[in-house]
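Enquirer:
Next comes the structure, spelled out in structure tokens:
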């Protein structure tokens, strides 16, 4: 009897949302890896195409729930007293424009992953610059496929905005835009340490409980604003939409997802210290990702049985934090993991990068004599370089003076 009453349509909807969320975090976490962190020990440095990233510090993490509360309550007041139409229209246009770049960048990342770095770098590199006199206003470096992928990224946004109400509410278009926002947020927004991650998750744990259980604010805003900042899945095995959709906000993906991405970067940090092995054992990454999936499953189960909206971070935050501590304690690495800083490591690796020649191969450092000869050939007056060499700085200076006098005699 119990089996006959099982709502497989709803269960399939929960499973679909869970899959989309985990896939998004998996892809975004790997997108957050810098090229330096994935380079194998002893390998030659390749052409770097690093993105500018933003890192959250502990100070930012303390402020995050406060800023989030102000924004959320502001949206609630607007919806309650002025209606949802104009704020929805404004936000839809904002996310439509942002969606063009977001989907385009996601397509570029997907294409690069599909063909591989070697083939991707074989495409011509096109430099686009916008100048105002001698001042450079904008500079872009694109591979030729990007010239087609970026315009293709505008298709979901155009259909979402101009396709009418039925198309706008399409789960497919909403999910495409939302997944691209999630992927880029996880790739470009990083926590600087596990400590910051624990502060952020703890603060938003209290934030979610208050705004969901304590007030109607969260539910009212989430159900009234029709913008692509949520994942949707039809409540039907056949994807019929008559019963509506189950929904998961992007905040419940991106916030814990940043913590999971931090765990992946720490796994690569651990692997970089083991010079004898090139294999990366992703213990922390898979442990926290599994904990996220378990926490989200618990959220859906409680929501299903009590038929009431649940603050997902009530379950996701403890799951991710506890999994990290359990793994670190079991491996005896708690002190190292807790004191590790992703930002400091990236800076150290950047400073240690070997100089490369024009062909992208490791360049040979010039000797003191070679530097002195270059300066002498340029006829730079009264400039004697104090370049350290194997013979010491005094010998290098004498060599520079002799070569400079020789140059003048020839002239």
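Residue numbers (full-length UniProt numbering): 1 to 411.
Don't be surprised by glycine CBs; every beta carbon is placed ideally from N, CA and C.
What are the start and end residues of the beta strand (DSSP E) that includes residue 249?
Expert: Its beta strand (DSSP E) spans residues 245 to 249.
Enquirer: Run through DSSP, which three-state label would residue 189 get?
Expert: Of the three classes helix, strand and coil, the one that applies to residue 189 here is strand, per DSSP.
Enquirer: DSSP puts residue 129 in a beta bridge; with which residues?
Expert: For residue 129, which the question treats as bridged, DSSP gives the partners 139.
Enquirer: What did DSSP end up calling residue 273 once you bin it into helix, strand or coil?
Expert: Of the three classes helix, strand and coil, the one that applies to residue 273 here is coil, per DSSP.
Enquirer: Report the rounded CA-to-CA distance for residue 203 versus residue 144, giving the unit in angstroms.
Expert: Roughly 44 Å between the two C-alpha positions.
Enquirer: For residue 18 and residue 293, which I take to be in contact (beta-carbon distance under 8 Å), what is that distance rounded to the nearest angstrom?
Expert: Residue 18 to residue 293, Cβ: 6 Å. Contact.
Enquirer: Can you give me the C-alpha to C-alpha distance between residue 13 and residue 63, rounded to a whole angstrom?
Expert: The alpha-carbon atoms of residue 13 and residue 63 are separated by roughly 35 Å.
Enquirer: Report the rounded CA-to-CA distance for residue 92 versus residue 325, giving the unit in angstroms.
Expert: Going by the C-alpha atoms only, they are around 40 Å apart.
Enquirer: Which residues bound the alpha helix (DSSP H) around residue 63?
Expert: Taken as a continuous stretch (DSSP letters only), the alpha helix (DSSP H) holding residue 63 covers 58 to 82.
Enquirer: Quick check: the segment 177 to 195 against the segment 112 to 127, are at least 3 beta-carbon pairs closer than 8 Å?
Expert: Too few Cβ pairs lie closer than 8 Å, so no.
Enquirer: Kindly list the residues whose CB is nearer than 6 Å to the CB of residue 317, restricted to its own chain and excluding five residues on each side of it in sequence; keep chain order.
Expert: Within the same chain, residue 317 has close Cβ partners 201 and 205.
Enquirer: Cα-Cα, which of 253, 237, 104 and 238 is closest to residue 230?
Expert: Of the candidates 253, 237, 104 and 238, the one whose C-alpha sits nearest the C-alpha of residue 230 is 253.
Enquirer: Who pairs with residue 233 in a beta bridge, going by DSSP?
Expert: DSSP, once it has assigned bridges, lists 246 as partnering residue 233.
Enquirer: Determine the closest residue to residue 73 out of 218, 174 and 279, with distance taken between C-alpha atoms.
Expert: Per the Cα distances, 218.
Enquirer: Per DSSP, which one or two residues make a beta bridge with residue 54?
Expert: 189, per the DSSP bridge assignment.
Enquirer: According to DSSP, is residue 307 helix, strand or coil?
Expert: Looking at residue 307 - three-state DSSP - the assignment turns out to be coil, as it is neither helix nor strand.
Enquirer: Identify whether residue 225 lies in helix, strand or coil by the three-state DSSP scheme.
Expert: If DSSP states are grouped into helix, strand and coil, residue 225 belongs with coil.
Enquirer: Beta-carbon within less than 6 Å of residue 191's beta-carbon, same chain only, minus the 5 sequence neighbours each way: which residues are those?
Expert: Here the set comprises 56, 197, 258 and 262.
Enquirer: Look at the alpha carbon of residue 210 and the alpha carbon of residue 54, and state the distance between them as a whole number of angstroms.
Expert: The alpha-carbon atoms of residue 210 and residue 54 are separated by roughly 28 Å.
Enquirer: Using CA atoms only, rank isn't needed, just tell me which of 233, 314, 103 and 328 is closest to residue 15.
Expert: Cα-wise, what sits closest to residue 15 is 233.
Enquirer: Under the three-state reduction of DSSP, which class applies to residue 208: helix, strand or coil?
Expert: Helix, per DSSP.
Enquirer: Counting beta carbon pairs with one atom in the segment 176 to 191 and one in the segment 88 to 106, are three or more of them shorter than 8 Å?
Expert: As far as the Cβ criterion goes, the segment 88 to 106 touches the segment 176 to 191, which means the pair count is three or higher.
Enquirer: Let's test the definition: count the other Cβ atoms within 10 Å of the Cβ of residue 273 and tell me whether it reaches 16, buried, or not, exposed.
Expert: Classification for residue 273: exposed.
Enquirer: Using the three-state DSSP reduction, which class does residue 124 fall into: helix, strand or coil?
Expert: Coil.
Enquirer: Does the Cβ-Cβ distance between residue 285 and residue 260 come in under 8 Å?
Expert: Contact flag set, yes.
Enquirer: Quick one: what does DSSP say residue 10 is sitting in, helix, strand or coil?
Expert: DSSP places residue 10 in helix when its eight states are reduced to three.
Enquirer: Comparing the C-beta of residue 262 with each C-beta of chain B, is any distance below 8 Å?
Expert: No chain B appears in this structure, which consists of one protein chain only.
Enquirer: Residue 199: which of 135, 33, 342 and 61 sits nearest, CA to CA?
Expert: When only C-alpha atoms are compared, the closest one is 61.
Enquirer: CB residue 68 to CB residue 207, shorter than 8 Å?
Expert: Closer than 8 Å, so yes.
Enquirer: On a CA-only basis, which of 243, 289, 236 and 279 is nearest residue 8? Give me that one, please.
Expert: That would be 236, whose Cα lies nearest to the Cα of residue 8.
Enquirer: Could you give the C-beta distance for residue 289 and residue 22, rounded to a whole number, given that I count them as a contact under 8 Å?
Expert: Sure, about 7 Å apart at Cβ, within 8 Å.
Enquirer: Is residue 295 closer than 8 Å to residue 319 when the C-beta atoms are compared?
Expert: Against a cut-off of 8 Å, the Cβ pair of residue 295 and residue 319 comes out as a contact.
Enquirer: Can the beta-carbon of residue 245 be found closer than 8 Å to that of residue 171?
Expert: Against a cut-off of 8 Å, the Cβ pair of residue 171 and residue 245 comes out as a contact.
Enquirer: Residue 390: buried (16+ other C-beta within 10 angstroms of its C-beta) or exposed?
Expert: With a pLDDT of only 45 at residue 390, under 50, the local geometry of the prediction cannot be trusted, and the value read off the model is given with reservation. The residue is exposed, with fewer than 16 neighbouring Cβ atoms inside 10 Å.
Enquirer: Just verifying my parser: in three-state terms, what is the DSSP assignment at residue 45?
Expert: Below a pLDDT of 50, predicted positions are generally treated as unreliable, and residue 45, at 44, falls in that range; the measurement from the model is reported next regardless. Reduced to three states, the DSSP call for residue 45 is coil.
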